[in-house]
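Enquirer: So this note's numbering is basically just the index in the sequence shown, starting at one, shifted up by 547.
C-beta: ideal position from N, C-alpha, C; glycine also.
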Amino acid sequence: MIINLVILVVLAIILLTIWFNYRHNDVKWKEHEIDVSGLRFPKGFLWGAATSAHQVEGGCDRNDWAIWERSYDLNAYPRIKNGQQSGKAADHWNRFRGDIDLLKQIGANSYRFSVEWSKVCPQPNKLNTSVIDHYIDVCQYLHHSGVNPFVTLHHFTIPDWLYERGGFENPDAIHYYTDFVGKVAETLGPYVDYWATFNEPVVYAMMGWVFGKFPPGKKDLCLAARVLANILQAHYQAYHILHEIDRSDADDDGIPCKVGIVKNIPLFDPARKWWLPDWIVAKTLHRLFNQSVLDAFIAERFKFNLWNVVNFSQDIPGLSNTLDWIGLNYYTQYLCRLDWKSDYKMRTYPNLKLPQTDMNWAIYPAGLYRSLQMIGSFGIPIYITENGIATEDSGLRKDFILKHINAMHEAMLDRVDVRGYFYWSLMDNFEWAEGFDKRFGLYHVDYKTQKRTLKDGSEIYRELIQSVQYKQHD
Ligand code: IFM
548 MIINLVILVV
558 LAIILLTIWF
568 NYRHNDVKWK
578 EHEIDVSGLR
588 FPKGFLWGAA
598 TSAHQVEGGC
608 DRNDWAIWER
618 SYDLNAYPRI
628 KNGQQSGKAA
638 DHWNRFRGDI
648 DLLKQIGANS
658 YRFSVEWSKV
668 CPQPNKLNTS
678 VIDHYIDVCQ
688 YLHHSGVNPF
698 VTLHHFTIPD
708 WLYERGGFEN
718 PDAIHYYTDF
728 VGKVAETLGP
738 YVDYWATFNE
748 PVVYAMMGWV
758 FGKFPPGKKD
768 LCLAARVLAN
778 ILQAHYQAYH
788 ILHEIDRSDA
798 DDDGIPCKVG
808 IVKNIPLFDP
818 ARKWWLPDWI
828 VAKTLHRLFN
838 QSVLDAFIAE
848 RFKFNLWNVV
858 NFSQDIPGLS
868 NTLDWIGLNY
878 YTQYLCRLDW
888 KSDYKMRTYP
898 NLKLPQTDMN
908 WAIYPAGLYR
918 SLQMIGSFGI
928 PIYITENGIA
938 TEDSGLRKDF
948 ILKHINAMHE
958 AMLDRVDVRG
968 YFYWSLMDNF
978 EWAEGFDKRF
988 GLYHVDYKTQ
998 KRTLKDGSEI
1008 YRELIQSVQY
1018 KQHD
C-alpha cells in the first residue's frame, strides 16, 4: 500500500516536471547579424527615452526619498551607497530644453517623464502654480519640438507630508493621490494624451515593504499587499478622473486621453529545470511579482498569497475596464531555487552564463519577447516604457539595444501589439539606493559640469530610429 503511494507520488512529480518543461516557452531565433534597415514598424510607432523626476530634476527635497537619503539603517550605514544624495541630480529642472534637444538629435518622437508630486503639492491638497507652469513649459517645448509627452504620475516618490501619514499603507493616500491627479489633468491635460498612473507598483511595494531598500524600509509582506491594493484602488479612481477631465486631443489622433499602468516584468525561471522544487519557487515568485497585479486587472480581485506568510484578497470592482494600454518595463531574468537558509526559502540569482550589466543583471533579450507574449494576452496596446542597461562598456550597450529591439520586433511579427519603445534612460541619473554609480543613460552626464555626451554604444539607437522602415498598413 505505502509502496504504491510512493510510486504514485514519484510518478506525479516526474509528470509535473515534464509538463513544466514542455510548457516552458523558452524562445530562440537565429541570432543572425541584425540588419536594422530590415526591421519594419507600424506608422506612428513611438520611439523615445524615459526619465523620472527624482532621478534627474534635482531639488526634490520635500519627498520621502529626501528623508531616506539623509537617514541611516540600524547598523548606522547610510541608506544610499556611499551616503550619496540626489541633490541637483542631472539638473534637468533647469536644463530640460537642452535635454529635449538631445532627444531630437537621436530622432526620438516621444519622451516619458514624471511630474514630481511633492513639488506640485507641497502641502495636502495645495497646488504650487509655479511648479505647474514649469511642467507646462516642458510640455510646450516638447510640442514645439514635435515630441509627444508621455507622463508618469507616480514614479516611486511621495510628498514628505504623506510619508508622515503612512504613505500608501494608509488608504487616505488614495484620496490625496487622486486630488493630485485631478490637478495635473486640469493643467497639463491640454498638452498630454498619454498618462501612466503608477510606475512598477510591485517593485515599489517590494523594495519599500519587503526588502527594506526604499522608504519606508520595512520588511512585511502583509503590508506590501495592503500597499498594492491601495495603489490599484488609486489607479482605478485616477483612470476615471483623467478621462473625465482630459478631453483635449493634444496630438490630433482623435483620442484625447489614454491611461495605462507601467508593470515591470522580471522573468523567473528554475535554476535546475529537472528539479521540481525550483519550478515551484519560480512559479511562486512569478505569481507574487507578476501575476498578482496582472490578474487583478482581469478578475477585479487582487490576491497576494504566500503559504504561511500572507493571504490577502480584495475585490476591486470595475478594475478590468481601466487600461487603455499597458506599459512594460523589462530588464532581466532571475534563476530561482529552493534554499532552506534564505528568507521564505527562496533564492534568486542571475544566470552567470549570460553577460552581466553593472546592476548584476543577466542580459537576456529573449525575456523581452516572452514578457511581451505574456501581456499580449490582454489584447490592448503595449508600450515598452523602459528597457535599458547600466554599463560602462559601449559594446555591451550597443549589443543590448540591438538585441532587445530585435526581440521586440520578433514579438511584433508574432502579432503582439507593441506601439512604442522607450529606452531607460535618456541620461545618466540617480539610481535610487545605488546612487549615481550605475549609468543607464544614452547620454553620459559629467556631474561636475552637467555636460551631456552621447555614448558610443548609444549611436546604434539613433541609427536604428533613422533607418527602420515603416509599414503603410498592417
Ligand atoms: O531607474 C529605475 C527606474 O526608476 C524604474 N525602473 C528600473 C530603473 C533601473 O533600475
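Could you pull out every residue in the same chain whose Cβ sits closer than 7 Å to the Cβ of PRO671, ignoring the five residues on either side in sequence?
Expert: Position 124 of the sequence shown, counting from 1, holds the residue named residue 671. Counting only Cβ-Cβ distances below 7 Å, and skipping sequence neighbours, we find TRP708 and TYR723.
Enquirer: When you compare only the Cα positions, how much space is there between SER1005 and ASP608?
Expert: Here residue 1005 is taken as the residue at index 458 of the sequence shown, counted from 1. Here residue 608 is taken as the residue at index 61 of the sequence shown, counted from 1. The alpha-carbon atoms of SER1005 and ASP608 are separated by roughly 31 Å.
Enquirer: Just to confirm the assignment: which complete alpha helix (DSSP H) runs, minimum length 4, are found wholly within the region 607–689?
Expert: The region 607–689 contains these whole alpha helix (DSSP H) runs: 611–616, 639–652 and 664–667.
Enquirer: Given a cut-off of 8 Å, decide if TYR930 and GLY982 are closer than it, judged by their beta-carbon atoms.
Expert: The count along the sequence shown starts at 1 and reaches residue 982 at position 435. The count along the sequence shown starts at 1 and reaches residue 930 at position 383. No. Outside cutoff.
Enquirer: What did DSSP end up calling TYR896 once you bin it into helix, strand or coil?
Expert: In the sequence shown, residue 896 corresponds to position 349, counting from 1. It is a strand residue.
Enquirer: Report the residue from HIS956, GLY967 and TYR896 whose alpha carbon sits nearest the alpha carbon of ARG917.
Expert: Residue numbering aside, residue 917 sits at position 370 when the sequence shown is read from its first letter. Looking at the Cα atoms, HIS956 is the closest of the given residues.
Enquirer: In chain order, what residues of the same chain have a beta carbon less than 7 Å from the beta carbon of ARG712, not counting five sequence neighbours either side?
Expert: Here residue 712 corresponds to residue number 165 of the sequence shown, with the count starting at 1. Excluding positions up to five away in sequence, the list reads ASP719.
Enquirer: Please state the DSSP three-state secondary structure of TRP811.
Expert: As a working note, residue 811 is residue 264 in the sequence shown. Reading off the sequence, residue 811 comes out as Asn, not Trp. The answer is strand: DSSP assigns ASN811 an E or B state.
Enquirer: Starting from the Cα of SER665, find the closest Cα among GLN652, TYR710 and LEU650 and give me that residue.
Expert: Residue mapping note: residue 665 aligns to position 118 of the sequence shown, counting from 1. Comparing C-alpha distances from SER665 to each of GLN652, TYR710 and LEU650 shows the shortest one belongs to TYR710.
Enquirer: Please list the terminal residues of the continuous alpha helix (DSSP H) segment that includes PRO824.
Expert: On the sequence shown, residue 824 is found 277 positions in, with the first residue counted as 1. Where PRO824 is concerned, the enclosing alpha helix (DSSP H) stretches over 823–833.
Enquirer: In the structure shown, what three-state DSSP assignment does ASP573 receive?
Expert: Taking the sequence shown and counting its residues from 1, the one referred to as residue 573 is at position 26. In this structure, ASP573 counts as coil in the three-state DSSP scheme.
Enquirer: In three-state terms, what does DSSP make of VAL739?
Expert: Position 192 of the sequence shown holds residue 739. Of the three classes helix, strand and coil, the one that applies to VAL739 here is coil, per DSSP.
Enquirer: Does the Cβ-Cβ distance between LEU650 and LEU973 come in under 8 Å?
Expert: Working through the sequence shown from its first residue, we reach residue 650 at position 103. Working through the sequence shown from its first residue, we reach residue 973 at position 426. Yes, the pair counts as a contact, with Cβ atoms nearer than the cut-off.
Enquirer: Spell out whether any CB of chain C is found under 8 Å from the CB atom of GLU939.
Expert: Chain labels in this structure do not include chain C; a single protein chain is all it has.
Enquirer: Relative to the C-alpha of LYS577, which residue among ASN953, TYR968 and PHE987 is closest?
Expert: By 1-based counting over the sequence shown, the position of residue 577 is 30. For LYS577, the nearest C-alpha among the options comes from ASN953.
Enquirer: Run through DSSP, which three-state label would TYR724 get?
Expert: Sequence index remark: in the sequence shown, residue 724 carries index 177 (1-based). Three-state DSSP puts TYR724 in a helix.
Enquirer: Give the C-beta separation of PHE660 and THR598 to the nearest angstrom, bearing in mind that I take them to be a contact with Cβ-Cβ under 8 Å.
Expert: Your numbering for residue 660 matches position 113 in the sequence shown. Your numbering for residue 598 matches position 51 in the sequence shown. With 8 Å as the limit, PHE660 and THR598 qualify as a contact, their Cβ atoms being about 5 Å apart.
Enquirer: Do the region 848–867 and the region 790–800 meet, that is, are 3 or more Cβ pairs less than 8 Å apart?
Expert: no
Enquirer: I'd like to check one pair, GLN997 with ARG642: are the Cβ atoms closer than 8 Å?
Expert: By 1-based counting over the sequence shown, the position of residue 642 is 95. By 1-based counting over the sequence shown, the position of residue 997 is 450. Yes. Within cutoff.
Enquirer: With distance defined between alpha-carbon atoms, name the residue in PRO625, TYR1008 and ASN551 nearest to GLY942.
Expert: As a first step, residue 942 is located in the sequence shown; it is residue number 395 there, counting from the start. Of PRO625, TYR1008 and ASN551, the smallest CA-CA separation from GLY942 is found for TYR1008.
Enquirer: Could you have a look at TYR838 and say whether DSSP puts it in helix, strand or coil?
Expert: On the sequence shown, position 291 is the one that residue 838 refers to. Note on residue identity: the sequence assigns Gln, not Tyr, to residue 838. Three-state DSSP puts GLN838 in a helix.
Enquirer: Whose C-beta lies closer than 7 Å to the C-beta of LEU866 among residues of the same chain, with five residues either side of it excluded?
Expert: If you number the sequence shown from 1, residue 866 lands on position 319. Taken in chain order, the residues that qualify are LEU779, TYR783, ALA843, PHE844 and GLU847.
Enquirer: Measure the alpha-carbon distance for GLN602 versus LYS628 and round it to whole angstroms.
Expert: Mapped onto the sequence shown, residue 602 falls at position 55. Mapped onto the sequence shown, residue 628 falls at position 81. For the pair GLN602 and LYS628, the Cα-to-Cα distance works out to about 15 Å.
Enquirer: Taking 7 Å as the line, does the beta carbon of SER599 fall inside it for any heavy atom of the ligand IFM?
Expert: Numbered from its first residue, the sequence shown carries residue 599 at position 52. Yes, Cβ of SER599 sits closer than 7 Å to a heavy atom of the ligand IFM.
Enquirer: Hey, how far is the Cα of THR932 from the Cα of THR699?
Expert: Taking the first residue of the sequence shown as position 1, residue 932 is located at position 385. Taking the first residue of the sequence shown as position 1, residue 699 is located at position 152. For THR932 and THR699, the distance between alpha carbons rounds to 10 Å.
Enquirer: Among the residues of its own chain, which have a CB less than 8 Å from the CB of PHE758, if the five just before and after it don't count?
Expert: Position 211 of the sequence shown holds residue 758. Once the five neighbours on either side are set aside, the close Cβ partners of PHE758 are LYS766.
Enquirer: With PRO763 as the anchor, note down where its alpha helix (DSSP H) starts and where it stops.
Expert: As a working note, residue 763 is residue 216 in the sequence shown. Segment: none, PRO763 is in no alpha helix (DSSP H) and carries neither H nor E.
Enquirer: Taking 8 Å as the threshold, find out whether the region 577–593 comes into contact with the region 608–623 through three or more Cβ pairs.
Expert: no
Enquirer: Just to confirm my understanding: we take TYR738, look at its own chain, exclude 5 residues before and 5 after, and list those with CB closer than 8 Å. What are they?
Expert: The residue labelled residue 738 in the question sits at position 191 within the sequence shown. Excluding positions up to five away in sequence, the list reads ILE683, CYS686, GLN687, LEU689, HIS690, PRO696 and ALA797.
Enquirer: Verify the contact flag: HIS702, CB atom, against every heavy atom of the ligand IFM, threshold strictly below 7 Å.
Expert: Within the sequence shown, numbered from 1, the residue matching residue 702 stands at position 155. At a threshold of 7 Å, HIS702 counts as near the ligand IFM, since its beta carbon sits closer than that to one of the ligand's heavy atoms.
Enquirer: Taking the alpha carbon of TRP887 as the point to measure from, which residue in ASP825, ALA637 and PHE849 has its own alpha carbon closest?
Expert: To locate residue 887, count along the sequence shown from 1; it is residue 340. Nearest C-alpha to TRP887: ASP825.
Enquirer: Thinking C-alpha only, which one of ALA909, PRO625 and SER924 is nearest PRO762?
Expert: As a working note, residue 762 is residue 215 in the sequence shown. The option with the nearest alpha carbon to PRO762 is PRO625.
Enquirer: Do you know how far the Cα of ILE788 is from the Cα of GLU1010?
Expert: Here the question's residue 1010 lines up with position 463 in the sequence shown. Here the question's residue 788 lines up with position 241 in the sequence shown. Straight through space, the alpha carbons of ILE788 and GLU1010 are spaced by roughly 40 Å.
Enquirer: What distance in whole Å lies between the Cβ atoms of LEU832 and CYS769, which are believed to be in contact at a cut-off of 8 Å?
Expert: On the sequence shown, residue 769 is found 222 positions in, with the first residue counted as 1. On the sequence shown, residue 832 is found 285 positions in, with the first residue counted as 1. With 8 Å as the limit, CYS769 and LEU832 do not qualify as a contact, their Cβ atoms being about 18 Å apart.
Enquirer: Please indicate yes or no: does the CB of GLU747 lie closer than 7 Å to some heavy atom of the ligand IFM?
Expert: For the purposes of this step, residue 747 is taken as the residue at position 200 of the sequence shown. Correct: GLU747 has its Cβ closer than 7 Å to the ligand IFM.
Enquirer: What residue does the beta strand (DSSP E) around PRO748 start on, and which one ends it?
Expert: By 1-based counting over the sequence shown, the position of residue 748 is 201. For PRO748, no beta strand (DSSP E) run applies; the uninterrupted alpha helix (DSSP H) run containing it begins and ends at 748–756, by DSSP.
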